[in-house]
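Numbering (our numbering), first residue to last: 1 to 236.
Pasting the structure below:
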């Protein structure tokens, strides 16, 4: 029963953190932060391993176990939220499945005895580092971006600031670079591009800016020079 209570504390904590951050920033902007908080929480929970092996000797073991269960359930729940809501790639499901297995084996150790418990505990101990590695590798996909467009300085933003589809296959610059003059609107209309200030649903079909505009970042050019950024034709 105590195990269920401690896990419940972690679930409630994850729910409160997620609701607060998602309401303030939106899920698209905060999903990676939730995963990072979850990974840190799981890492803290795994300090119990050192207490169980007598590497750390201070503090009652049951107290360590209680906080291990709280931090682990908090971290795993945040990974669940990141991975299970709008999963974009197949490796999103790996983190979800590993987190599920980690939570399941952790609970099973509290309800089994003898050799069965020992085997489950061994599996449980291996799953945590594998889960952390999977979270890091999954997150590194966001960083492998320089060949397309470097996420540096003002462009180091959440994925949803640029990408307009749930699979990240399209992007737009208009969420930050607002096209709010008649001259700019006219220039884009001439070339068949959706006018400025599109609705969110319109961003799925908007032309990708680098198809026409060339920019230079860190002495490297990105895009194609078909039009100038400051193109401003006279209006008839």
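C-beta atoms are modelled at their ideal positions from N, C-alpha and C, and glycine is treated no differently.
beta-carbon residue i near the ligand NAP non-hydrogen atom, thresh 7 Å
i          : result
residue 52 : Ligands are entirely absent from the displayed structure, and the ligand NAP is therefore not among its contents.
Backbone CA spacing between residue i and residue j [nearest angstrom]
i           : j           : result
residue 146 : residue 156 : 12 Å
residue 100 : residue 56  : 28 Å
residue 126 : residue 136 : 16 Å
residue 185 : residue 191 : 10 Å
residue 232 : residue 193 : Reliability fails at residue 232, whose pLDDT of 44 lies under 50, so the model's placement of it is uncertain and the value that follows must be treated cautiously. If I take the Cα positions, the gap works out to 15 Å.
residue 189 : residue 154 : 28 Å
residue 81  : residue 2   : 24 Å
residue 62  : residue 106 : 15 Å
residue 234 : residue 160 : Because the pLDDT of residue 234 is 44, which lies under 50, any placement of that residue in the model is unreliable, and the number read from its coordinates should be weighed accordingly. Cα to Cα, residue 234 sits roughly 34 Å from residue 160.
Segment limits, alpha helix (DSSP H) that includes residue i
i           : result
residue 220 : Here residue 220 belongs to no alpha helix (DSSP H); instead the beta strand (DSSP E) covers 220-223.
residue 6   : 2-25
residue 237 : Here the chain comprises residues numbered 1 to 236, so residue 237 is not present and cannot be evaluated.
residue 182 : 182-190
Beta-bridge partners of residue i, as assigned by DSSP
i           : result
residue 171 : 163
Option in the options with minimal Cα separation from residue i
i           : options               : result
residue 129 : 224, 45, 183 and 175  : 45
residue 152 : 76, 221, 217 and 17   : 217
residue 4   : 93, 28, 81 and 110    : 110
residue 132 : 43, 193, 149 and 51   : 43
residue 150 : 215, 105, 174 and 118 : 215
residue 158 : 7, 10, 72 and 26      : 26
residue 64  : 50, 112 and 8         : 50
Endpoints, beta strand (DSSP E) assigned at residue i
i           : result
residue 214 : 214-217
Pair within 8 Å by beta-carbon distance, residue i and residue j
i          : j          : result
residue 6  : residue 69 : yes
residue 76 : residue 47 : no
residue 34 : residue 21 : yes
residue 41 : residue 11 : no
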